[in-house]
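A.B. asks:
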Amino acid sequence: QEKDAVYLPFWRTSAVTDGIEISSFADFIRITNQPRVVGKEWEGEPMSFWSPAFKIRPKVFLHLSRQFTITQKLFQGEKEIQNKKLYPVTLPHTEATQAMKMILASSTFNKKDVLPLLPRISFKILDSTLVYLPFTDTGHEMFQQQMRISINKNTLDFGRRL
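Numbering (the working numbering), first residue to last: 3 to 164.
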């Protein structure tokens, strides 16, 4: 990664669900009806919900959570983050886990299949990890190269005041 990258924190929360059968990433892709071919290796991988570990406007939070959760196989965190520019963690893990139903609902293509089940759905947390992902400062935005997604810097600044 670039030496000038800023590393933004994300919560990766592995969980199984009650009320709907999601125990692997493959289950999640099928239930949310994603236009992707399910990889055999995904069958045994626990489902992980991703969310920013920093406060940001709710609409942007949900958008980032959905994008990172759906495409989690396309990127990876850094193994070594010493002496790097780390963005502060301002969103507690408890708040990130409270958003998991919303992430599931917003990730679902066919809403009528999942939305009626939301009141019955609960999550059993298996593991949670703080993962730092590299973003490049382009002047007005922070750009994540692997995901090809950007976050407006004014939005990040606003989130620091929440």
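Note that the Cβ used here is the ideal one computed from N, Cα and C, for glycine as well.
Spatial neighbours of Gln3 within its chain, please: CB distance less than 6 Å, with the 5 preceding and 5 following residues excluded, ordered by chain position.
C.D. replies: Residue placement at Gln3 cannot be trusted, given a pLDDT of 48 that sits under 50; what the coordinates show is reported in the next sentence. Counting only Cβ-Cβ distances below 6 Å, and skipping sequence neighbours, we find Pro136.
A.B. asks: Is it right to say Pro54 is buried, meaning 16 or more other beta carbons lie within 10 angstroms of its own, or is it exposed?
C.D. replies: buried
A.B. asks: List the residues that DSSP assigns as beta-bridge partners of Met102.
C.D. replies: DSSP lists no partner for Met102.
A.B. asks: Starting from the Cα of Arg163, find the closest Cα among Ser16, Glu143 and Phe56 and give me that residue.
C.D. replies: Phe56
A.B. asks: Return helix, strand or coil for Ile151, following the three-state DSSP convention.
C.D. replies: strand
A.B. asks: Between Ser108 and Gln74, how many whole angstroms is the CB-CB distance? I'm expecting something under 8 Å.
C.D. replies: Ser108 to Gln74, Cβ: 15 Å. No contact.
A.B. asks: Who does Pro54 pair with in a DSSP beta bridge?
C.D. replies: Phe12
A.B. asks: Trp52: which of Arg32, Leu76, Gly141 and Pro118 sits nearest, CA to CA?
C.D. replies: Leu76
A.B. asks: What does a CB cutoff of less than 7 Å around Ser26 pick up in its chain, not counting 5 residues either side in sequence?
C.D. replies: Trp44, Glu45, Gly46, Glu47, Pro48 and Met49
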